[in-house]
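Enquirer:
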Amino acid sequence: MRIFILFSNKLGSLICKFVIMSSSDEEMLMLLLVNNINKNKKKRKYWVHPFIKNNANTLGTFSVTKELAMYPEKFKNFYRMSQESFNVLSHMVRTKLQKKDTNFRLSISVEERLLITLRFLAMGGNMKAHSMYFLRGESTTRTIISETSQVIWDCLHDIYMPIPSKEHWKKVADRFYDLWNIPNCIGAIDGKHFKIKCPSNTGSAYFNYKHYFSVVLMACVDADGLFLTIDVGDYGRNSDGRVFRRSSLGITLENNALDIPEPKVLPGWENKDKFPHYFVADEAFPLKTNIMRPFPKRSLNKERRIYNYRCSRARRSVECSFGMLVSKFRLFEQPIGCKVETAEALIKAACVLHNFIRIKEGVFSTPSHPSTINSMGYQNIEDQGIRPTRAAESNRDFLCDYFVSNEGKVPWQDNFS
């Protein structure tokens, strides 16, 4: 005889009772309990809903897509890439995305899986409405979007977002100088919060200072706004600087394992010391020998305002890349109504698709006219209280002197001082 806790279902509620029973009685009651629980489970009425089964092949995705294929601009507007780019993408992911047909049903094709995911990225919205649009079950649609997003990242990132080599960094630096008039710069770094619905059992981990739940995308981009490296998934409550320190880019940079080119002289200053290659970042990031951030507001003068403006102008590449990403994939204009893991996969897929589309379709940046550039470079910059090294401060002063020299200045910079 022993005390046993019995859970019984009464009027839809679970009731806890304490009873004393023998082992045989215990086994019998356990069987009755399991049977009672199984009876109350919601049974699946259909494997595939008759409406979906009868209409998926006639009213669903491909009937619309076949029509859209005859109108290239409408196809591009609907799926955010050209028909030619879509065909290349489907070929690249086919091996990992193709499912086998069974004796009971045909598998959903690679093309349809891609279209469902691309349209969700393009417009977002309610998952149930999205699944009805494509005449697929809601759970099926969720699974397709999650799996396809991860496959897109797995198949594309080695080609369209490879780990930069030393030669690649040099090309990035040349492009920054040609496009944004800033020498030795190998990337612009920034972080973006993507809204998500409150994940269960996470407390305030994803609740950020802007008072919504988010995951963070930490990105480094080149002069044309192509993503060089990304890290996705850190808690929304963490600052950009902390996220960066925990990112793969921050860790490899700290360990001097990034294969950055050797220092070189700044253009026109051949008689001066060589200057290291560096990233530009805003005030949320630490000042280091290879990260240049703005001067704090308490120490601004004309020369330092010009320095802040020039670095801010180069940072436009990362700001524009975030803007283009959200503009193209409007899912990110609203809270992502998926699990955190799926949200992270969607963000990574969107970033690598951003690169894929721009490279395939030949879209690159041109610098804005000076009068249209925002004034972030010379507004009051809040100091984050991160104490830099003397070497880092010396490098920033050296670059500041270069920007106001005859060899390093641009004609319009005094307008922003």
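In this text, residue positions in the sequence shown follow the UniProt record's numbering: the first is 1, and each later residue adds one.
We put the CB at the ideal spot given by N, CA and C, even for glycine.
All figures in this text were calculated on a predicted structure; none of them were measured in a lab.
If G225 and S321 are in contact, beta carbons under 8 Å, what's the gap, nearest whole angstrom?
Expert: That belief holds up - the Cβ atoms of G225 and S321 are roughly 4 Å apart, short of 8 Å.
Enquirer: Given that a residue counts as buried once 16 or more other Cβ atoms are within 10 Å of its Cβ, and exposed if not, what is S375?
Expert: Interpretation of S375 is limited by its pLDDT of 36, a score under 50 that renders its predicted location unreliable; no figure is taken from the coordinates.
Enquirer: Do you know how far the Cα of F329 is from the Cα of L121?
Expert: L121 and F329: Cα-Cα distance of roughly 5 Å.
Enquirer: Return the residue from the list G187, K195 and F398 that minimises the CA-CA distance to residue 429.
Expert: This structure gives no information on residue 429, because the portion of the chain shown stretches from 1 to 417.
Enquirer: Assuming the contact rule is C-beta atoms closer than 8 Å, I230 and K360 should be a hit. Round their C-beta distance to whole Å, please.
Expert: Their Cβ separation, rounded to whole angstroms, is 19 Å, which puts I230 and K360 out of contact at 8 Å.
Enquirer: With DSSP as the reference, please indicate the residues paired to M218 in a beta bridge.
Expert: G191 and D231.
Enquirer: Count the other CB atoms, across all protein chains shown, that sit within 10 Å of the CB of D383; report buried if there are 16 or more and exposed otherwise.
Expert: At D383, the pLDDT of 39 sits below 50, so the modelled position is not reliable and the matter cannot be decided from this model.
Enquirer: I'd like the span of the beta strand (DSSP E) that includes F279, first residue to last.
Expert: Where F279 is concerned, the enclosing beta strand (DSSP E) stretches over Y278 to V280.
Enquirer: The alpha helix (DSSP H) that contains S312, what's its start and end?
Expert: Per DSSP, S312 belongs to the alpha helix (DSSP H) from K302 to K328.
Enquirer: Excluding five sequence neighbours on each side, which residues of the same chain lie with their C-beta closer than 6 Å to the C-beta of Y177?
Expert: Closer than 6 Å at Cβ, skipping near neighbours: P183.
Enquirer: Just reading off the alpha helix (DSSP H) that I152 is part of, what are its end residues?
Expert: Where I152 is concerned, the enclosing alpha helix (DSSP H) stretches over E138 to Y160.
Enquirer: Count the other C-beta atoms from every protein chain shown that fall within 10 angstroms of the C-beta of R105, then say buried if there are 16 or more, exposed otherwise.
Expert: R105 comes out exposed.
Enquirer: Excluding five sequence neighbours on each side, which residues of the same chain lie with their C-beta closer than 8 Å to the C-beta of V110?
Expert: S90, V93, R94, L97 and Q98.
Enquirer: Give the straight-line distance between the Cα atoms of P411 and R305, rounded to the nearest whole angstrom.
Expert: Taking the straight line from one Cα to the other gives about 15 Å.
Enquirer: For the alpha helix (DSSP H) containing I357, list its first residue and its last residue.
Expert: From DSSP, the alpha helix (DSSP H) with I357 extends over V340 to K360.
Enquirer: Considering only their Cβ atoms, is the gap separating P286 from G250 smaller than 7 Å?
Expert: Result no, Cβ atoms of G250 and P286 do not sit closer than 7 Å.
Enquirer: Does the structure place the region 395-404 close enough to the region 266-283 that three or more beta carbon pairs sit under 8 Å?
Expert: Yes, the region 266-283 touches the region 395-404.
Enquirer: Applying the 10 Å Cβ sphere with the 16-neighbour rule, what's the burial state of Q334?
Expert: So Q334 counts as exposed.
Enquirer: Check whether the region 140-150 and the region 336-346 touch, using three or more Cβ-Cβ pairs below 8 Å as the test.
Expert: At 8 Å Cβ cutoff, the stretches touch.
Enquirer: Within the continuous alpha helix (DSSP H) that includes S248, where are the two ends?
Expert: It spans S248 to E254 - the alpha helix (DSSP H) in which S248 sits, taken as one unbroken run.
Enquirer: Using 7 Å as the threshold, is the C-beta distance between L325 and H354 below it?
Expert: Yes; because the gap between Cβ atoms is below 7 Å, this pair is in contact.
Enquirer: Within 10 angstroms of the Cβ of E262, are there 16 or more other Cβ atoms? Answer buried if so, exposed if not.
Expert: Classification of E262: exposed, given that the 10 Å Cβ count is below 16.
Enquirer: In three-state terms, what does DSSP make of K288?
Expert: Of the three classes helix, strand and coil, the one that applies to K288 here is strand, per DSSP.
Enquirer: Name the DSSP bridge partner or partners of F275?
Expert: DSSP, once it has assigned bridges, lists K264 as partnering F275.
Enquirer: Going along the chain, which residues of its own chain have a beta-carbon closer than 7 Å to the beta-carbon of A69, five neighbours each way excluded?
Expert: Same-chain partners within the cutoff: F75 and Q83.
Enquirer: Determine the direct distance from the alpha carbon of A219 to that of C400, and round the result to whole angstroms.
Expert: Roughly 25 Å between the two C-alpha positions.
Enquirer: Return the chain-ordered list of same chain residues with a C-beta closer than 6 Å to the C-beta of N54, the five sequence neighbours on each side being excluded.
Expert: Only weak support is given to the placement of N54: the predicted model assigns it a pLDDT of 49, under 50, and the question is left unresolved by the model.
Enquirer: In angstroms with no decimal places, state the Cα-to-Cα distance between R310 and C185.
Expert: About 12 Å.
Enquirer: CB P296 to CB N308, shorter than 7 Å?
Expert: The answer is no: Cβ separation not under 7 Å.
Enquirer: So, under 8 Å CB-CB, T143 and I116 are touching, yes? Tell me the CB distance rounded to an integer number of Å.
Expert: Contact doesn't hold; Cβ gap of about 10 Å is too wide.
Enquirer: From I381 to E283, what distance separates their C-alpha atoms?
Expert: Here the model assigns I381 a pLDDT of 30, short of 50, so the residue's position is not dependable, and the following value carries that caveat. One C-alpha to the other measures close to 7 Å.
Enquirer: Can you tell me the Cα-Cα spacing of N406 and D222, whole angstroms?
Expert: Their Cα atoms are separated by approximately 26 Å.
Enquirer: Can you give me the Cβ contacts of I189 inside the same chain, cut-off strictly under 6 Å, excluding the 5 residues immediately before and after it?
Expert: Excluding positions up to five away in sequence, the list reads C220, F279 and A281.
Enquirer: Is DSSP giving C198 helix, strand or coil here?
Expert: Here C198 sits in coil by DSSP.
Enquirer: Which class does I108 belong to by DSSP, given the choice of helix, strand or coil?
Expert: In this structure, I108 counts as coil in the three-state DSSP scheme.
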